[in-house]
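Peer 1:
In full-length UniProt numbering, the protein residues as written are 1 to 445.
In structure tokens, the structure reads:
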């Protein structure tokens, strides 16, 4: 037995008693589906997170940003990212994923590269809108495909691994920004005509990543196998394709019904859709403080942290998210009780937001509250796995519920920061934490 196989058994990556033929198939699915999806999502969030890190590393001064303009720039991205979510996953039920998803990434790459050449606030806001629009298909599209290949006791870990590409992208963006700031800040190339060159810092991040992006995202045309019912991939034998279909059907995942008018009746008369949308909204609303507010709180203490340290420490909450998501994923796959971690996360998030509402607490407790919010972010793959489990009998409904939940979560991320989390109110954001504490208790308890 190889070292990797032994390690997989120790961590229970494969369910106990899985036949050798099925294990080999799942190994191939992991390589073809999970690896591509993770790398695509990672590069997307590497770009998303770079903006906040750039803001505290000189972009604010370089582009002469004032007041709450960062909120509006992020809102422009969220608008682009949100408007096409549901149509995108509907399209994905009709067009093969190995054509549609990598094709959309071509436009994402072009707009991301264009971000490096903006010179003012308006250009940046417009470019971020198109970056968001072209990035729409990545998360929900890959999420739908992942949840079409695996059995219920395999999904928790895979959803968590996929989701962790998000905080890992955030972490690497912070590290790259810190390194770029440290190495370029005092170099002559960073100064043009006596002032900072606003593009240099961003090009330093974008340029090394472009070959990586091209290699990972566009390889989907060759390697990504679509969904089991219609896959034509050359990387699976006919026997493996049939096994991929029969094993998930035996686990309760029914054949695709087809996209027709009945889909809306199947959705809107199903109370479970509303429950999951509400759960997703509550989670999206309650974890905002783990991101930009945490970074701004660090930046507000120049006596403790310099700019490079702010970028590095700002990744700690993301590291906690990774640990939280992985631990909980193994828990739900072993116990098959999705509600238990959801309840735990609810208690943790309420506590953290109440602490930050009070604000004047010991420094250690204050720091812990931000980390606890980061741990709460690890609840997202739990919700995804729960949706896949509950909607196992209806693939089209499952795809749309993923999109609806994510769309409304993004709308929450678009609207609420403009009202409750304006940058000009940072780092305290008292209104934001009060809003989260009250709304979360109302909707979930």
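The C-beta atom is built at its ideal place from N, Cα and C for all residues, glycine as well.
Just the Cα atoms here: how many angstroms apart are residue 81 and residue 19?
Peer 2: Here residue 81 refers to the residue found at position 81 when the chain shown is read from its first residue. Here residue 19 refers to the residue found at position 19 when the chain shown is read from its first residue. Cα-Cα distance, rounded: 42 Å.
Peer 1: How close, in whole Å, do the beta carbons of residue 376 and residue 349 come, if the pair is a contact with beta carbons under 8 Å?
Peer 2: Taking the first residue of the chain shown as position 1, residue 376 is located at position 376. Taking the first residue of the chain shown as position 1, residue 349 is located at position 349. Contact flag correct, Cβ pair sits at about 4 Å.
Peer 1: Just to confirm my understanding: we take residue 412, look at its own chain, exclude 5 residues before and 5 after, and list those with CB closer than 7 Å. What are they?
Peer 2: Counting from 1 along the chain shown, the entry for residue 412 is found at position 412. Excluding sequence neighbours, residue 412 sits near 281, 284 and 285.
Peer 1: Can you give the Cα-Cα distance for residue 37 and residue 141, rounded to whole angstroms?
Peer 2: Here residue 37 refers to the residue found at position 37 of the chain shown. Here residue 141 refers to the residue found at position 141 of the chain shown. Answer to the nearest angstrom: the Cα atoms are 9 Å apart.
Peer 1: Report back the beta-carbon spacing between residue 71 and residue 417 to the nearest angstrom; my notes put them in contact at under 8 Å.
Peer 2: Here residue 71 refers to the residue found at position 71 when the chain shown is read from its first residue. Here residue 417 refers to the residue found at position 417 when the chain shown is read from its first residue. That pair is a contact at about 6 Å.
Peer 1: To the nearest angstrom, how far is it from the Cα of residue 360 to the Cα of residue 105?
Peer 2: In the chain shown, counting from the first residue as 1, residue 360 sits at position 360. In the chain shown, counting from the first residue as 1, residue 105 sits at position 105. Whole-angstrom Cα-Cα distance: 45 Å.
Peer 1: Ordered along the chain, which non-local residues of its own chain (more than five positions away) have a Cβ less than 6 Å from that of residue 96?
Peer 2: Here residue 96 corresponds to residue number 96 of the chain shown, with the count starting at 1. Apart from sequence neighbours up to five positions away, the residues of its chain that approach residue 96 with a beta-carbon distance below 6 Å are 226, ordered along the chain.
Peer 1: Go to residue 22, then tell me how far its alpha helix (DSSP H) extends in each direction, as first and last residue.
Peer 2: Against the chain shown, residue 22 aligns to sequence position 22. First-last of the alpha helix (DSSP H) with residue 22: 20-29.
Peer 1: Where does residue 448 fall in DSSP's three states?
Peer 2: No answer is possible for residue 448: the residues shown for the chain start at 1 and end at 445.
Peer 1: Just verifying my parser: in three-state terms, what is the DSSP assignment at residue 39?
Peer 2: Position 39 of the chain shown holds residue 39. Three-state DSSP puts residue 39 in a helix.
Peer 1: Note down, in chain order, each residue of its chain lying with its Cβ closer than 7 Å to the Cβ of residue 439, except the 5 sequence neighbours on either side.
Peer 2: For the purposes of this step, residue 439 is identified with residue 439 of the chain shown, where counting begins at 1. So the list reads 285, once near-sequence residues are dropped.
Peer 1: Just to confirm, are residue 114 and residue 332 a CB contact at a threshold of 8 Å?
Peer 2: As a position in the chain shown, residue 114 is number 114, starting the count at 1. As a position in the chain shown, residue 332 is number 332, starting the count at 1. Result no, Cβ atoms of residue 114 and residue 332 do not sit closer than 8 Å.
Peer 1: Look at the Cβ atom of residue 393, then the Cβ atom of residue 220, and state whether they are nearer than 8 Å.
Peer 2: As a first step, residue 393 is located in the chain shown; it is residue number 393 there, counting from the start. As a first step, residue 220 is located in the chain shown; it is residue number 220 there, counting from the start. No. Outside cutoff.
Peer 1: Taking the C-alpha atoms as reference points, what is the distance between residue 479 and residue 85?
Peer 2: Missing from the structure shown is residue 479; the chain here goes from 1 to 445 and no further.
Peer 1: Leaving out five residues on either side along the sequence, give the residues of the same chain with a beta carbon under 7 Å from the beta carbon of residue 316.
Peer 2: Residue mapping note: residue 316 aligns to position 316 of the chain shown, counting from 1. Counting only Cβ-Cβ distances below 7 Å, and skipping sequence neighbours, we find 371.
Peer 1: Tell me the residue span of the alpha helix (DSSP H) that contains residue 107.
Peer 2: Here residue 107 corresponds to residue number 107 of the chain shown, with the count starting at 1. Residues 97-115.
Peer 1: Residue 141 by DSSP, collapsed to three states: which one?
Peer 2: Position 141 of the chain shown, counted from the first residue, corresponds to residue 141. If DSSP states are grouped into helix, strand and coil, residue 141 belongs with the helices.
Peer 1: Give me the Cα-Cα distance between residue 289 and residue 374, rounded to the nearest whole angstrom.
Peer 2: Residue 289 sits at position 289 when you count from the first residue of the chain shown. Residue 374 sits at position 374 when you count from the first residue of the chain shown. So the alpha carbons of these two residues sit roughly 9 Å apart.
Peer 1: Rounded to a whole number of angstroms, what is the C-alpha to C-alpha distance between residue 112 and residue 131?
Peer 2: Along the chain shown, one-based indexing puts residue 112 at 112. Along the chain shown, one-based indexing puts residue 131 at 131. Distance between the alpha carbons of residue 112 and residue 131 is about 6 Å.
Peer 1: Identify which residue in 39, 248, 260 and 74 has its Cα closest to the Cα of residue 54.
Peer 2: Within the chain shown, numbered from 1, the residue matching residue 54 stands at position 54. The option with the nearest alpha carbon to residue 54 is 74.
Peer 1: Are the CB atoms of residue 421 and residue 293 nearer to each other than 8 Å?
Peer 2: Taking the chain shown and counting its residues from 1, one reaches residue 421 at position 421. Taking the chain shown and counting its residues from 1, one reaches residue 293 at position 293. Yes. Within cutoff.
Peer 1: In chain order, what residues of the same chain lie with their CB nearer than 6 Å to the CB of residue 273, ignoring the 5 residues before and after it?
Peer 2: On the chain shown, residue 273 is found 273 positions in, with the first residue counted as 1. Same-chain partners within the cutoff: 267 and 401.
Peer 1: First and last residue of the alpha helix (DSSP H) that includes residue 255?
Peer 2: On the chain shown, position 255 is the one that residue 255 refers to. No alpha helix (DSSP H) holds residue 255; DSSP gives it neither H nor E.
Peer 1: Alpha carbon to alpha carbon, how far is residue 109 from residue 362?
Peer 2: If you number the chain shown from 1, residue 109 lands on position 109. If you number the chain shown from 1, residue 362 lands on position 362. If I take the Cα positions, the gap works out to 44 Å.
Peer 1: For residue 208, which residues of its own chain have a beta-carbon under 7 Å away from its beta-carbon, when the five flanking residues on both sides are left out?
Peer 2: Counting from 1 along the chain shown, the entry for residue 208 is found at position 208. Caution applies to residue 208, whose pLDDT of 44 falls short of 50 and renders its modelled position unreliable; the model cannot decide the point.
Peer 1: Would you decide whether residue 271 is buried or exposed? Buried here means 16 or more other CB atoms lie within 10 Å of its CB.
Peer 2: What you label residue 271 is simply residue 271 of the chain shown in a count that begins at 1. Exposed.
Peer 1: Compute the beta-carbon to beta-carbon distance between residue 388 and residue 263, rounded to the nearest angstrom, for a pair I have assumed lies under 8 Å.
Peer 2: Start at 1 with the first residue of the chain shown, and residue 388 comes out as number 388. Start at 1 with the first residue of the chain shown, and residue 263 comes out as number 263. Going by Cβ atoms, the distance from residue 388 to residue 263 rounds to 17 Å, so no, they are not a contact pair.
Peer 1: Using 8 Å as the threshold, is the C-beta distance between residue 24 and residue 14 below it?
Peer 2: To locate residue 24, count along the chain shown from 1; it is residue 24. To locate residue 14, count along the chain shown from 1; it is residue 14. 8 Å or more divides the Cβ of residue 24 from the Cβ of residue 14.
Peer 1: State the start and end residues of the unbroken alpha helix (DSSP H) segment that holds residue 309.
Peer 2: Your numbering for residue 309 matches position 309 in the chain shown. Here the alpha helix (DSSP H) through residue 309 covers 307-313.
Peer 1: Hey, quick one: how far does the alpha helix (DSSP H) through residue 152 stretch, first residue to last?
Peer 2: Stepping through the chain shown from its first residue, residue 152 is reached at position 152. Here the alpha helix (DSSP H) through residue 152 covers 152-163.
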